[in-house]
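What follows is a short report on a single structure.
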Amino acid sequence: MLINRIICFALFLIFSMNVSSEDTIDKNLYEKPYASNELKSGQYFSRKETRNMEIEEFENPGMIWVERGKELFDIEEGKNSNSCSSCHKQDVNSLLGAAATYPKVHNNKLINIEQKINMCRKNYMKVEEYKLESVNLLSLSSYIAYISKGVPMNVNVEGKAKKYFIKGKEMFYQRVGQMNLACNQCHDEIAGSYLRAERISQGHVNGFPAYLMRWESVASVHRRFQFCNNQARAKPLEIGHDDYNALQLYIAWRGNSLLLESPSVRR
Amino acid sequence: MSLKNNFLTRRVVFNFISGFFCAVSSKVTLADQQVGAPFRDRFQTYRQTFRIEPDPEEAKRIVRNIIKGREVREDLIYLKAPDIAENGNTVPISFAVDCSMEGMDYPTVVHILVLDNPFPEIAKFYFTPESGEANVDIRIRMRTSSDIIAIAEMQDGTVGKTMSFVDVTIGACS
Amino acid sequence: MASETRKNWRRRLKAPESAVKGEIITIKTMAEHIMEPGVRRDPETGIIYPKKIIDLVICRFNGKQIYKTHWFSGVSANPFMAFKMKAITSGLLEVEWIDDYGQSSYKKAVIIVYDENGKKVIPMKLDKINSVKEAI
Numbered sequence: 001m002l003i004n005r006i007i008c009f010a011l012f013l014i015f016s017m018n019v020s021s022e023d024t025i026d027k028n029l030y031e032k033p034y035a036s037n038e039l040k041s042g043q044y045f046s047r048k049e050t051r052n053m054e055i056e057e058f059e060n061p062g063m064i065w066v067e068r069g070k071e072l073f074d075i076e077e078g079k080n081s082n083s084c085s086s087c088h089k090q091d092v093n094s095l096l097g098a099a100a101t102y103p104k105v106h107n108n109k110l111i112n113i114e115q116k117i118n119m120c121r122k123n124y125m126k127v128e129e130y131k132l133e134s135v136n137l138l139s140l141s142s143y144i145a146y147i148s149k150g151v152p153m154n155v156n157v158e159g160k161a162k163k164y165f166i167k168g169k170e171m172f173y174q175r176v177g178q179m180n181l182a183c184n185q186c187h188d189e190i191a192g193s194y195l196r197a198e199r200i201s202q203g204h205v206n207g208f209p210a211y212l213m214r215w216e217s218v219a220s221v222h223r224r225f226q227f228c229n230n231q232a233r234a235k236p237l238e239i240g241h242d243d244y245n246a247l248q249l250y251i252a253w254r255g256n257s258l259l260l261e262s263p264s265v266r267r
Numbered sequence: 268m269s270l271k272n273n274f275l276t277r278r279v280v281f282n283f284i285s286g287f288f289c290a291v292s293s294k295v296t297l298a299d300q301q302v303g304a305p306f307r308d309r310f311q312t313y314r315q316t317f318r319i320e321p322d323p324e325e326a327k328r329i330v331r332n333i334i335k336g337r338e339v340r341e342d343l344i345y346l347k348a349p350d351i352a353e354n355g356n357t358v359p360i361s362f363a364v365d366c367s368m369e370g371m372d373y374p375t376v377v378h379i380l381v382l383d384n385p386f387p388e389i390a391k392f393y394f395t396p397e398s399g400e401a402n403v404d405i406r407i408r409m410r411t412s413s414d415i416i417a418i419a420e421m422q423d424g425t426v427g428k429t430m431s432f433v434d435v436t437i438g439a440c441s
Numbered sequence: 442m443a444s445e446t447r448k449n450w451r452r453r454l455k456a457p458e459s460a461v462k463g464e465i466i467t468i469k470t471m472a473e474h475i476m477e478p479g480v481r482r483d484p485e486t487g488i489i490y491p492k493k494i495i496d497l498v499i500c501r502f503n504g505k506q507i508y509k510t511h512w513f514s515g516v517s518a519n520p521f522m523a524f525k526m527k528a529i530t531s532g533l534l535e536v537e538w539i540d541d542y543g544q545s546s547y548k549k550a551v552i553i554v555y556d557e558n559g560k561k562v563i564p565m566k567l568d569k570i571n572s573v574k575e576a577i
């Protein structure tokens, strides 16, 4: 009886060690569904007229938000009469390349650009935060993304961001909603084929904040995630939720080395 | 005066007022079935799931009223529209009128209509000889797959018309 | 939505800075406007958003109207329009967008026209504008 127990315990140890060894998780964790030369941004999958609308800078409706963001960048507010440009000048603290590294970890919390703008406003400029998904905040964030246009995406998933990366990857492969759909089923496996009359893209976020034609305004990534969840008849989370930030981190890492295209024109 | 001789009893007054309200409400509900009532005045109940239905007869009537029985030249105006529109909210189209823009040979009005929209008229363009070319790009809204009609009325009285079919589709999960 | 009270609705205008006489130039315009058609309903309360569209777009060159457009509710939101103009004299180009509530906004641009020798063509006085056609 005792020897049986010892054998069972030993077998249990052996099997559990195999299952929870660090190498196997690490090997699968950083596996990318697309090699670097297979990465295609959403522009490749849209029709010719939409692509023309996006490429011509004057004809792009998203540039209206960028111009407004440029003006907002210089407006001085608050007791100390600070504006964004008091600190972020061309050669000191320049914001070139900043948008390509978000979502990032600040003070042990993962945040994206919109939340970082609010943080700067509250802590450094000492003024009121913008409401999430308001016109002013979207204008500023699309201006900041426009400054880094053409810079390859470069999010960091090591160190403190690792646990958010794992959570984001879980969410990507998790089936949700009444339709029981996971993101990878369409965007990893059958990208390029048609779903009714729309061509499925690879699902990258290098073009966000993007002008979406269905809402006729610039939208952030989280609002687009909410729409995806609604379409699968799942309950959407609120804008600025931590899980959406983690998912955005994973999707941004998945599309690392794609050039930033904001503001893009999408359906 | 005693109450018996006065015909204005409470019963009479109440009947009169309720009859008045009945008459007023029936007049209002009958209004949307009147023949010839324009689209924009149709009565809509507050919480009704309502859509203005496009009327193909109305669109054809508008086209007939613009042309007014004149002879239609086929090669006068060219319309460039996508085959399949990515989204019905923004369909980029462009037209060009084939004329010299001098003397009497320029278009006074160009109409753009979409047949299956609830309000078929989209835009009207007025040109002058200083315009150089009658060549315009614009972005329109389309409710469903339908024809786009461009009608050009020239200063000398001739009319040109062209049509192009655009598919507006529904996509992905919705 | 349609009841946003903002004052900085944007208008954009792009016209070439210089042109050769007789050349046909492209002028591009874009307006930021919601172009509410008056039939959409709020999903929670059921109230119809009121109709608010840009009605009339007028283009004037040196004060004289050369191009006019009537828009209805079928034009898309944030409407873009590109049209052509013949470059005859230098001058001030002005595009005006008029709302159906009567509010108007405009954008101006200066175009300088050179003739074949490279000299600037200066506009003639306004009372001679009727004789422009004979001069050309």
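Chains as they are written, first to last, in our numbering: chain A, 1 to 267; chain B, 268 to 441; chain C, 442 to 577. Ideal placement from N, C-alpha and C gives every residue a C-beta, glycine not left out.
Is the Cβ-Cβ distance between M471 (chain C) and I494 (chain C) less than 7 Å? Here residue 471 (chain C) refers to the residue found at position 30 of the third sequence. Here residue 494 (chain C) refers to the residue found at position 53 of the third sequence. Not in contact: M471 (chain C) and I494 (chain C) (Cβ atoms no closer than 7 Å).
Apart from the five residues on each side of it in sequence, which residues of its chain come closer than 7 Å, Cβ to Cβ, to S139 (chain A)? For the purposes of this step, residue 139 (chain A) is taken as the residue at position 139 of the first sequence. The answer, listed in chain order, is W65, R68, G69 and L72.
Using a Cβ cut-off of 7 Å, pull out every chain A residue sitting near T357 (chain B), in sequence order please. Here residue 357 (chain B) corresponds to residue number 90 of the second sequence, with the count starting at 1. Residues of chain A passing the Cβ test: M213.
Scan the region 381 to 396 of chain B for residues whose Cβ lies nearer than 9 Å to a Cβ of chain C and list them as they occur along the chain. Within the region 381 to 396 of chain B, the residues whose Cβ lies closer than 9 Å to some Cβ of chain C are V381, N384, P385, F386, P387, E388, I389, A390, K391, F392, Y393, F394, T395 and P396, listed in chain order.
Please decide whether E400 (chain B) counts as near chain C, where near means a Cβ-Cβ distance under 7 Å. By one-based count along the second sequence, residue 400 (chain B) stands at place 133. Yes, E400 (chain B) lies at the interface with chain C (some Cβ there is under 7 Å from its Cβ).
For a test of the three-state rule: what should DSSP assign to E198 (chain A), helix, strand or coil? Counting from one through the first sequence, the residue named residue 198 (chain A) turns up at place 198. Note: E198 (chain A) maps to strand in three-state DSSP.
Does any residue of chain B have a CB that is nearer than 7 Å to the CB of E269 (chain A)? Because residue 269 (chain A) is not part of the residues shown, which for chain A are 1 to 267, the question remains open.
Between the alpha carbons of R481 (chain C) and R223 (chain A), how many angstroms are there, rounded? By one-based count along the third sequence, residue 481 (chain C) stands at place 40. By one-based count along the first sequence, residue 223 (chain A) stands at place 223. Whole-angstrom Cα-Cα distance: 21 Å.
Outcome for T510 (chain C) when other beta-carbon atoms lying within 10 angstroms are tallied against a minimum of 16: Counted from its first residue, the third sequence places residue 510 (chain C) at position 69. T510 (chain C) counts as buried, since at least 16 other C-beta atoms from the protein chains shown sit within 10 angstroms of its C-beta.
So F502 (chain C) packs on G532 (chain C), CB below 8 Å; how close in whole Å? Taking the first residue of the third sequence as position 1, residue 502 (chain C) is located at position 61. Taking the first residue of the third sequence as position 1, residue 532 (chain C) is located at position 91. Right, their Cβ atoms sit about 6 Å apart.
Does DSSP classify F524 (chain C) as helix, strand or coil? Sequence index remark: in the third sequence, residue 524 (chain C) carries index 83 (1-based). In this structure, F524 (chain C) counts as strand in the three-state DSSP scheme.
Contacting residues, own chain, Cβ-Cβ under 6 Å from A363 (chain B) (five flanking each side not counted): Counted from its first residue, the second sequence places residue 363 (chain B) at position 96. Same-chain partners within the cutoff: Y345 and N402.
Chain A contacts made by the region 511 to 535 of chain C, where a contact means CB separation under 7 Å: Close to chain A, meaning a Cβ-Cβ distance shorter than 7 Å, are the following residues of the region 511 to 535 of chain C: A518, N519 and F521.
Among A:S264, A:I166 and A:S142, the one whose alpha carbon lies nearest that of Y268 (chain A): Since the displayed chain A opens at 1 and closes at 267, residue 268 (chain A) lies outside it and no answer follows.
Contacts around F225 (chain A), its chain only, beta-carbon distance under 7 Å, and the 5 residues preceding and following it disregarded: In the first sequence, counting from the first residue as 1, residue 225 (chain A) sits at position 225. In chain order, Y244 and L247 place their CB closer than 7 Å to the CB of F225 (chain A), counting only its own chain and leaving out the 5 sequence neighbours on each side.
Helix, strand or coil for W65 (chain A) per DSSP? The residue you call residue 65 (chain A) lines up with position 65 of the first sequence. In the structure shown, W65 (chain A) sits in a helix (DSSP, three-state: H, G or I).
What are the boundary residues of the alpha helix (DSSP H) that L247 (chain A) is part of? Position 247 of the first sequence holds residue 247 (chain A). DSSP places L247 (chain A) in the uninterrupted alpha helix (DSSP H) bounded by D242 to R254.
Nearest-angstrom Cβ-Cβ length linking N206 (chain A) and M171 (chain A), presumed shorter than 8 Å: As a position in the first sequence, residue 206 (chain A) is number 206, starting the count at 1. As a position in the first sequence, residue 171 (chain A) is number 171, starting the count at 1. No, N206 (chain A) and M171 (chain A) are not in contact; Cβ-Cβ is about 19 Å, not under 8 Å.
Return the Cβ separation of A210 (chain A) and V135 (chain A) in integer angstroms, given the expectation that the two are a contact with Cβ distance under 8 Å. By 1-based counting over the first sequence, the position of residue 210 (chain A) is 210. By 1-based counting over the first sequence, the position of residue 135 (chain A) is 135. With a Cβ gap of about 15 Å, A210 (chain A) and V135 (chain A) do not count as contacting.
Any idea what DSSP makes of L497 (chain C), helix, strand or coil? As a working note, residue 497 (chain C) is residue 56 in the third sequence. Correct three-state label for L497 (chain C): strand.
Taking I407 (chain B) as the query, report the chain C residues whose CB atoms sit under 7 Å from its CB, ordered along the chain. As a first step, residue 407 (chain B) is located in the second sequence; it is residue number 140 there, counting from the start. G515, V516 and S517, listed in chain order.
Quick check: is the beta carbon of K548 (chain C) nearer than 7 Å to any beta carbon in chain B? If you number the third sequence from 1, residue 548 (chain C) lands on position 107. With 7 Å as the cut-off, K548 (chain C) does not count as an interface residue toward chain B.
What in chain C is Cβ-close to E59 (chain A), meaning under 9 Å? On the first sequence, residue 59 (chain A) is found 59 positions in, with the first residue counted as 1. Within chain C, the residues placing a beta-carbon under 9 Å from that of E59 (chain A) are K469, M471, F521 and A523, ordered along the chain.
What in chain C is Cβ-close to E67 (chain A), meaning under 9 Å? Stepping through the first sequence from its first residue, residue 67 (chain A) is reached at position 67. Against E67 (chain A), the close residues of chain C are R451 and R453, in the order they occur along the chain (beta-carbon pairs closer than 9 Å).
Does V480 (chain C) get closer than 7 Å to chain B when you measure Cβ to Cβ? Taking the third sequence and counting its residues from 1, one reaches residue 480 (chain C) at position 39. At a cut-off of 7 Å between C-beta atoms, V480 (chain C) counts as an interface residue with respect to chain B.
Can you give me the C-alpha to C-alpha distance between P564 (chain C) and V127 (chain A), rounded to a whole angstrom? Walking along the third sequence from the start, residue 564 (chain C) turns up at place 123. Walking along the first sequence from the start, residue 127 (chain A) turns up at place 127. Rounded to whole angstroms, P564 (chain C) to V127 (chain A) spans 52 Å at the Cα level.
Could you name the residues of chain C that I319 (chain B) contacts, counting a contact when the two beta carbons are closer than 7 Å? Within the second sequence, residue 319 (chain B) is the residue found at index 52, counting from 1. Within chain C, the residues placing a beta-carbon under 7 Å from that of I319 (chain B) are V480, ordered along the chain.
Segment limits, alpha helix (DSSP H) that includes Q115 (chain A): Start at 1 with the first residue of the first sequence, and residue 115 (chain A) comes out as number 115. The continuous alpha helix (DSSP H) containing Q115 (chain A) extends over residues I113 to N123.
At 8 Å on the CB atoms, spell out the chain C contacts of I64 (chain A), in chain order. As a first step, residue 64 (chain A) is located in the first sequence; it is residue number 64 there, counting from the start. Neighbours of I64 (chain A) on chain C, chain order: R451, R453, M471, E473 and N519.
Delimiting residues of the beta strand (DSSP E) encompassing H222 (chain A): Position 222 of the first sequence, counted from the first residue, corresponds to residue 222 (chain A). According to the DSSP assignment, H222 (chain A) belongs to no beta strand (DSSP E) but to the alpha helix (DSSP H) extending over V221 to Q231.
Going by alpha carbons, who is nearest to Y250 (chain A) out of A:Y102, A:E216, A:N107 and A:I113? Counting from 1 along the first sequence, the entry for residue 250 (chain A) is found at position 250. Among A:Y102, A:E216, A:N107 and A:I113, the Cα nearest to that of Y250 (chain A) is on A:Y102.
Going along chain B, which residues have a C-beta under 7 Å from S46 (chain A)? Taking the first sequence and counting its residues from 1, one reaches residue 46 (chain A) at position 46. E353, listed in chain order.
Starting from L533 (chain C), trace the alpha helix (DSSP H) both ways and give me its first and last residue. By one-based count along the third sequence, residue 533 (chain C) stands at place 92. From DSSP, L533 (chain C) is part of no alpha helix (DSSP H) but of the beta strand (DSSP E) over G532 to D540.
Pair every Cβ in the region 452 to 470 of chain C with every Cβ in the region 550 to 565 of chain C, then say whether three or more of these pairs are closer than 8 Å. Contact holds between the region 452 to 470 of chain C and the region 550 to 565 of chain C, because three or more Cβ pairs, one in each stretch, are under 8 Å apart.
Taking Cβ positions only, does T276 (chain B) come closer than 7 Å to chain C? As a first step, residue 276 (chain B) is located in the second sequence; it is residue number 9 there, counting from the start. Output row for T276 (chain B): interface = no.
Cβ-Cβ distance between G255 (chain A) and H187 (chain A) below 7 Å: For the purposes of this step, residue 255 (chain A) is taken as residue 255 along the first sequence, with counting starting at 1. For the purposes of this step, residue 187 (chain A) is taken as residue 187 along the first sequence, with counting starting at 1. Not closer than 7 Å, so no.
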